[in-house]
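Sequence lines, in order, name chains X and W. Start counting the first sequence at 191; every next residue gets the next number (this note's numbering). Start counting the second sequence at 191; every next residue gets the next number (this note's numbering). Data block below; observations after.
Protein chains: 2
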Amino acid sequence: MILTVTLNVALDITYHVERVDWGHVNRVARHGTRAGGKGINVARVVTTFGHTATIAGFAGGATGEAIREEVSRSGIAHHLVAIAGESRRTVALVEGGRTTLFNELGPEVSPDEWAEFRETYSKLLRDCGVVVLSGSLPPGLPADAYAVLVRRAREAGALTLVDTEGPALEHALAAHPDVVKPNVHEIQALSGRECAEANDVAAAARWLRDAGARGAVITRGADGMVASNDEGTWLGLPPERLTGNETGAGDAVAAALAIGLEDGRPWPGPVADAIAAGAAALMSPVAGDVDLEAYRRFRRLVRLQEA
Amino acid sequence: MILTVTLNVALDITYHVERVDWGHVNRVARHGTRAGGKGINVARVVTTFGHTATIAGFAGGATGEAIREEVSRSGIAHHLVAIAGESRRTVALVEGGRTTLFNELGPEVSPDEWAEFRETYSKLLRDCGVVVLSGSLPPGLPADAYAVLVRRAREAGALTLVDTEGPALEHALAAHPDVVKPNVHEIQALSGRECAEANDVAAAARWLRDAGARGAVITRGADGMVASNDEGTWLGLPPERLTGNETGAGDAVAAALAIGLEDGRPWPGPVADAIAAGAAALMSPVAGDVDLEAYRRFRRLVRLQEA
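Spelled out as structure tokens, the structure:
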């Protein structure tokens, strides 16, 4: 079982608007509402690929209740610890080809609620081979929250993948996660390194390993990704230059890498899977959705070269 | 007691964003959530002016639950008939001085739910002197829904104010409401009349009375309003040229007019109150909020002239 941890779950609201009338009232004829937060999207993709996922996180208030209901409808097992605060919403405004996201910061989580989460997490680790820890930390949690969870997973014999940025990523590195998966902007911000060329990104991936990660994947949007572990460093190119839903693409990449970890397959096979999964997800407007037919087509066309 | 009917209640979400980064992720550091829909705003203003209001409408799903909780916190009595559909949200995006609204259409209301509402409404009419019927109709309700409610109010001895547009307003006129309060854009769209000058608007107000309304108030934004009933036609000018939250202003105008009806005061006194209330509400970013000190200051400065 792959356990996905989403400490800052969200109710993702999508508004489709033909053309926004700025400063005035816009009637939204078509909208969607879905439980979100990166880890929930990862769990959906894991399930689409035929593996079993379990969702863990926090939920509170009326928005938390809506998230619980929506996750229940998806059929994925979930353990969302109740909190006093109100879970956050995100609003995605889709006009033609452009999507603009508005993300609330999320509720304050108390020390007691964080302790209760760690207890739930320890129980879930008993049946779990891989843990994916994704997204931002809600206010109130310590910056080393992911580091704590990575260490506890290792003690329980589970492998870990961390997909976050900033101080949360920095602290997580010190706990030696099996894979970290920042994007090129996040690694540039954290390391202070220029990452314009593939060689720079490869150096940044090695820097992440020096800082503690056993494996590092840096996604580069339409330029593909760089992956590096003990066995080598690879430059992966997508089948063609694609643009689209980048949130969904990053979560599909994490899901494919987690499946590779669970199956115990050595790189670069899972890296190629991840590129194809990311490319297939990019084409869906809804994060967590992957078209399996597109995935199979892209998988044959992915190019990998040693860096 | 003033009964405010909001058939399409909403959860109003406000996002404050310094400057929107289009096509990317915007973190919303400050947001507000409040029960809304025009009638709920009217009830808040009525209460602020020291009168008693009761809210009636529909609520469904997790969003409906959030609306119920929020209305309960306000302390205003409410009777929201439970529906199977999910209540709507609105998102107001405030960047600097510009506010852009995104309004979901609202849930489908079934014939049985509409019948249950009419039963609740009839009971509430027993203690009620004035009914304010505001806003759009949710999908599923007949276009003459407001006409039905206006007739039933008159049978119960209550006065009525209707604030809506399009077919819902057209049908309501035939039921002879005591006051209708469209804005200049709404009356232009409905009547097909040009309403650029004050004289045109005065003619449109008389047209509304010919069509069935006993009194008509047409709001003109920063240009003030025109009011017309059996006793005369007045042109009202705001104390100064103001711009701001027009939704809130319209609802404050309706509240002041409803209070005038309840107190049995002849026009143009309540018209002058309504101009001052609208101007005071314009300055608050939150619909339903009126600064009473600003109201009193503006009230002394309002100018009224016979048209």
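Positions of the beta carbon are idealized from the N, C-alpha and C atoms, including for glycine.
- Per the Cβ contact rule, the region 422–436 of chain X is not in contact with the region 293–309 of chain X (fewer than 3 Cβ pairs under 8 Å).
- For Asn293 (chain W), the enclosing beta strand (DSSP E) starts and ends at 288–294.
- In its chain, beyond the 5 residues on either side, Leu425 have a beta carbon closer than 6 Å to the beta carbon of Gln495 (chain X).
- In the DSSP assignment, Ser324 (chain X) falls within the unbroken beta strand (DSSP E) covering 320–324.
- Measuring C-alpha to C-alpha distances from Gly222 (chain X) to each of X:Val207, X:Lys228, X:Met415, X:Cys318 identifies X:Val207 as the nearest.
- Between Leu295 (chain W) and Val320 (chain W), the gap from beta carbon to beta carbon reaches 7 Å or more.
- For chain X, the residues of the region 279–299 of chain W that bring a beta carbon within less than 8 Å of one of its beta carbons are Arg279, Val281, Leu283, Arg288, Thr289, Thr290, Leu291, Phe292, Asn293, Glu294, Leu295, in chain order.
- Under the DSSP assignment, Arg396 (chain X) falls in the alpha helix (DSSP H) whose first and last residues are 388–400.
- In the DSSP secondary-structure assignment, His221 (chain W) is bridged to W:Tyr205.
- In terms of Cβ geometry, Ala337 (chain X) and Ala379 (chain X) do not form a close pair [threshold 7 Å].
- Contact of Trp212 (chain W) with chain X is assigned, a C-beta pair being separated by under 7 Å.
- Beta bridge pairing from DSSP links His269 (chain X) with X:Ala246.
- As for any beta strand (DSSP E) of minimum length 3 sitting wholly inside the region 311–367 of chain X, the runs are 320–324, 349–353, ordered along the chain.
- Chain X has a Cβ within less than 7 Å of the Cβ of Tyr205 (chain W).
- Residue environment for Leu491 (chain W): exposed (fewer than 16 other C-beta atoms within 10 angstroms of its C-beta).
- For a cut-off of 8 Å, the C-beta gap from His361 (chain W) to Ala406 (chain W) is around 16 Å, too long to register as a contact.
- Taking the CA atoms as reference points, Asn216 (chain W) sits about 27 Å from Ala464 (chain X).
- Proximity to Ile192 (chain W) across W:Asp479, W:Ala467, W:Glu421, W:Asp453 peaks at W:Asp453, based on C-alpha coordinates.
- When the Cα atoms are used, Asp202 (chain X) and Asn389 (chain X) turn out to be separated by approximately 36 Å.
- Under the 10 Å beta carbon count, Leu315 (chain W) is surrounded by 16 or more other beta carbons and is classified as buried.
- When C-beta distances to chain W are compared with 7 Å, the residues of the region 217–234 of chain X below that value are Arg217, Val218, Ala219, His221, in chain order.
- Between Val322 (chain W) and Thr194 (chain W), the C-beta spacing is below 7 Å.
- By the neighbour-count criterion, in which 16 or more other beta carbons inside 10 Å mark a residue as buried, Trp212 (chain W) falls on the exposed side.
- Inside the region 423–464 of chain W, DSSP marks whole alpha helix (DSSP H) runs of 4 or more residues at positions 436–453, from first to last along the chain.
- Close CB contacts of Gly434 (chain W) within its chain, under the 7 Å cut and outside five residues either way in sequence, are with Leu472, Met473 (chain order).
- The beta carbon of Gly254 (chain W) is closer than 6 Å to those of Ser277 in its chain, skipping five residues each way along the sequence.
- Among the residues of the region 255–275 of chain X, those with a Cβ less than 7 Å away from any Cβ of chain W are Glu255, Ala256, Glu259, in the order of the chain.
- Here the alpha carbon of Gly265 (chain W) sits roughly 48 Å from the alpha carbon of Leu351 (chain X).
- What Val215 (chain W) touches in chain X, judged by beta-carbon distance under 7 Å, is Leu291, Asn293, going in chain order.
- Annotated as proximal: Ala446 (chain W) and Ala467 (chain W), with beta-carbon spacing under 7 Å.
- Sequence-distant Cβ neighbours of Gly414 (chain X) in its own chain, meaning closer than 8 Å and more than five residues away, are Leu425, Gly426, Leu427, Pro428, Ile465.
- Across the region 384–412 of chain X, no CB contact with chain W closer than 8 Å is found for any residue.
- Contact annotation: Val443 (chain W) and Val235 (chain W) have beta-carbon atoms that are not nearer than 7 Å.
- A Cβ-Cβ separation of about 5 Å places Pro329 (chain W) in contact with Glu298 (chain W) under the 8 Å criterion.
- When only Cα atoms are considered, Ala477 (chain X) and Ala417 (chain W) end up about 52 Å apart.
- Proximity of Ala305 (chain X) to chain W, defined by a Cβ-Cβ separation below 7 Å, is not satisfied.
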